[in-house]
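Beneath this line is the structure, given in structure tokens, with notes to follow.
Number of protein chains: 2
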Amino acid sequence: MLKFTIEKKMEGKLARAGVLETSHGKILTPSFVTVGTKATVKALTPEQVADLGAQVVLANTYHLYLQPGDELVKKVGGLQKFMNWFGPTMTDSGGFQAFSLGVAFGSGVSKIASADKKDIVNRCGEMSDGEGCSLAKIDEDGVTFKSHIDGSFHKFTPEKSIQIQHNIGADMIFAFDECTSPNADYDYQKEAMDRTHRWAERSLDEHKKLNAENKISLFGIVQGGRFEDLRKESAEVISKMDFDGFGIGGSFNKEDMNTAVGWVNKILPEDKPRHLLGIGEPEDLFGGVENGIDLFDCVAPTRMARNGTLHTKDGKINILNAKFKDDFSPIDKDCKCYTCKNYTKSYLSHLFRAKEMLGSTLATIHNLYFINKLVADIRQSIIDESFDQFKKDFLGKYKKE
Amino acid sequence: MLKFTIEKKMEGKLARAGVLETSHGKILTPSFVTVGTKATVKALTPEQVADLGAQVVLANTYHLYLQPGDELVKKVGGLQKFMNWFGPTMTDSGGFQAFSLGVAFGSGVSKIASADKKDIVNRCGEMSDGEGCSLAKIDEDGVTFKSHIDGSFHKFTPEKSIQIQHNIGADMIFAFDECTSPNADYDYQKEAMDRTHRWAERSLDEHKKLNAENKISLFGIVQGGRFEDLRKESAEVISKMDFDGFGIGGSFNKEDMNTAVGWVNKILPEDKPRHLLGIGEPEDLFGGVENGIDLFDCVAPTRMARNGTLHTKDGKINILNAKFKDDFSPIDKDCKCYTCKNYTKSYLSHLFRAKEMLGSTLATIHNLYFINKLVADIRQSIIDESFDQFKKDFLGKYKKE
């Protein structure tokens, strides 16, 4: 089970530096959770993941349920053993992927169109850029969806999601929730939030049935979209339930995110960890931490890496830019990652142009190192009471796109 | 420069165990040379390549000339520095790839058709399974070919190949030769062989001009197809030239290979290393060693790995076979490779089905370990005088396809 200790709180703000102890090791918080969607961090071995400073890996319930199947993962001894990662693990509830295949057809919710998807700043999950060619249907019981692999129909209910997550057997799992479009109106957000609260109760009940050995910790999820009263109501309702930690989910427009996170974290109990789902841009990490977030996960650093987009202290670069062909310097001369210590931008440019897998590996190592290092530096700045200065210095240099 | 020492010769056979010293480390021979076509062993970091027991990497002149360009590789300090591999290196001459884009259109040589390509047991280079949609033209001066990247025309001559290889800067390089179809008739084989001999002289002359610092070693290539008199003549002619080692190239039908290699190696000087180009199947490694070969290279172990085909002591398996989905044992229970020590066939099956890059990485590590270990065991059996028994035991179990 989890033990969460706050080492230092920031004066006048919600930020805190802590230690989250799991039965598979400690996580120094704030921490970035590395996404390993299909029980593998794309393009890396677990040793490479550990060496770059990652402390915890999050796998995806939707994907593992469909392939290879959660029963198989259970049979082999659980996620950690299956994928050979012996640090702490998480799974999400699978809801977001089920929805993002084509949200809520025929149940009063508009299907999220491509254009709308650009507005989803939260939950940048593995499926979020897929065209919604398959359909999902929401009812009180759960969500019915078509497999993106073979078109077969499946239903996730809160109970089913928790059963699957127990089979997968991560240290930390999430309650099943409904993730709405940021463009959904107030009435629909309210309806979906109320349903999420009922699903939270059902998730918790199922979890208690299955958790006799007390090995797995369950996080409840706060919803409510961009509406202050809903966010606060959701935080009040979810925080009263017996969860081991909390996730802040759903969607809000990027400019409202920090405000919404602040509303919620002022209400959530201080002594439990808080996870902001699907967020991983540098400016959002500062904003999240300031507003009381302990854990972040996002596919952006790894997905960007596979497209050749690399973090540097001055902002992002794309290695396919012609000027890097004969640039014999590392991605970032001050970076201490394996990639920057051993390879030039010229070599990376060659690997990406030649479509060599090693390009994805080296770029992923760099981006994950960059984000993990940034969050570790943010943590240290809380302890050193230099957060504001560090934020100003970092974001002053880091150019947003 | 190279220093080659024979540690042990096999009684009554051509096989020998030796040590080949380069300025970047020793190679215990017989040795399998790992192919890193585009200055990367596909799907692996150099550390993974070294850890699995690889001693030497061969990159491809044709590919590096076209992308990123040999001048760029020279500028950064050569192949080793470019790719961060600090062991011994080789490059091939680029000829095979230039030819295999569409051999000798308009010069009396039949274009190698798909069906014929199955017969090419030698030189299983990166381009050999491509359909010959582009064309190459051979004349006395060299070969003119179209780039597979942008369709631009280029010409390789013996001088140009050696210049490019000096720019790339591997420890061991090859003379420019003509690799014929195994179906070419006697007259054409003779014509091509004579041309290869003239190109060998020109390669050597150019090499001497560029090798003032004596850093790079040049291997001459014996041709002659499947014809005994031509193979012997070629071995005589090439062995009289001042090469640092020898390659046996061209093509022969698989059943004739060992015989042809034997003809050649009885003639080649004993005190210089001999490289059989493009061969990497277990039975051929035994046959090659028995017939006096010290070095092998082949893309088969790595290419097969990326398709999910894995070596085991009982023969090859394909991990996509349904029976491996829930097989929780390693690929080979006695194998000491990183993959077998840490992962099940079930997990590999999942990675391949999910098209995850880590699948290619783990499979490549296993196959390369398997082949390197096999060649190391063959070497030890020469030293222990147990080669015949080891060959019988190994091939008795290893089922050919």
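In order, the protein sequences belong to chains A and B. Per this note's numbering, the first sequence starts with residue 197, numbered consecutively. Per this note's numbering, the second sequence starts with residue 197, numbered consecutively. Backbone N, C-alpha and C fix where the C-beta goes; we use that ideal spot for every residue, glycine too.
With a threshold of 7 Å between beta carbons, is residue i in contact with chain B?
i         : result
A:Thr-236 : yes
A:Tyr-565 : no
A:Gln-263 : yes
A:Ser-324 : Model confidence at A:Ser-324 stands at a pLDDT of 36, short of 50, so the residue's coordinates are unreliable; what they give is reported in the following sentence. No, its Cβ sits nowhere closer than 7 Å to a Cβ of chain B.
A:Leu-162 : Absent from the model: residue 162 of chain A. The displayed extent of chain A is 197 to 597, so no value can be given.
A:Lys-205 : no
Pull up the distance between the alpha-carbon of residue i and that of residue j, whole angstroms please.
i         : j         : result
B:Ala-408 : B:Phe-439 : 15 Å
A:Leu-240 : B:Glu-397 : 47 Å
A:Gly-484 : A:Leu-472 : 7 Å
A:Leu-254 : A:Ile-358 : 15 Å
A:Ser-343 : B:Asp-584 : 55 Å
A:Ile-537 : A:Ile-527 : Reading the sequence as shown, one finds Lys at residue 537 of chain A and not Ile. If you take the alpha carbons of A:Lys-537 and A:Ile-527, they lie about 9 Å apart.
B:Met-389 : B:Lys-333 : 16 Å
A:Thr-508 : A:Val-571 : 14 Å
B:Gly-420 : B:Val-433 : 11 Å
A:Asn-461 : B:Gly-283 : 54 Å
A:Ser-577 : A:Asp-490 : 14 Å
A:Ile-345 : A:Asn-363 : 21 Å
A:Tyr-261 : B:Tyr-594 : 37 Å
B:Thr-376 : B:Ile-513 : 32 Å
A:Gly-488 : A:Pro-497 : 22 Å
Give a yes or no on whether the minimum CB-CB distance between residue i and chain A is below 7 Å.
i         : result
B:Asn-173 : Residue numbering for chain B in the displayed model covers 197 to 597; residue 173 of chain B lies beyond these limits and cannot be assessed.
B:Asn-538 : yes
B:His-546 : yes
B:Ser-310 : Here B:Ser-310 scores only 32 on pLDDT, less than 50, and its place in the model is too uncertain to base an answer on.
To the nearest whole angstrom, what separates the beta carbons of residue i and residue j, a pair I think is in contact under 8 Å?
i         : j         : result
B:Gly-476 : B:Ile-567 : 6 Å
B:Lys-519 : A:Pro-264 : 14 Å between Cβ atoms; not a contact.
B:Thr-540 : B:Ser-556 : In fact, because the Cβ distance is near 17 Å, the residues do not count as touching under 8 Å.
B:Trp-459 : B:Lys-428 : 6 Å
A:Leu-224 : A:Gln-251 : 7 Å
A:Leu-414 : A:Lys-386 : Wrong, their Cβ atoms sit about 24 Å apart, outside the cutoff.
B:Gln-361 : B:Thr-287 : 5 Å
Is DSSP giving residue i helix, strand or coil here?
i         : result
B:Asp-335 : coil
A:Gly-221 : strand
B:Asn-614 : There is simply no residue 614 of chain B to check, as chain B begins at 197 and stops at 597 in what is shown.
A:Asp-584 : helix
A:Thr-508 : strand
A:His-350 : strand
A:Tyr-594 : coil
A:Met-286 : strand
A:Glu-466 : coil
B:Ser-377 : coil
A:Ile-369 : strand
A:Asp-490 : coil
A:Ala-239 : coil
B:Leu-198 : coil
A:Gly-421 : coil
A:Asn-563 : helix
B:Glu-207 : coil
A:His-471 : strand
B:Val-215 : strand
For a contact meaning CB atoms closer than 7 Å, what does residue i contact in chain C?
i         : result
B:Phe-524 : In the displayed structure, chain C is absent; the protein chains listed are A and B.
So with CB distances below 8 Å, who are the chain A contacts of residue i?
i         : result
B:Leu-464 : Near B:Leu-464 there are no residues of chain A at all, since even the closest Cβ is about 35 Å away, more than 8 Å.
B:Lys-521 : Pro-264 and Leu-268
At 7 Å on the CB atoms, spell out the chain B contacts of residue i, in chain order.
i         : result
A:Ala-550 : Lys-234 and Gln-263
Interface residues of chain B around residue i at Cβ under 9 Å?
i         : result
A:Thr-557 : Ala-239, Leu-240, Thr-241, Met-553 and Thr-557
A:His-507 : Simply none; closest approach about 20 Å.
How would you list, in chain order, the residues of chain A whose beta-carbon sits under 9 Å from the beta-carbon of residue i?
i         : result
B:Ser-542 : Pro-264, Leu-268, Lys-271, Val-272 and Phe-278
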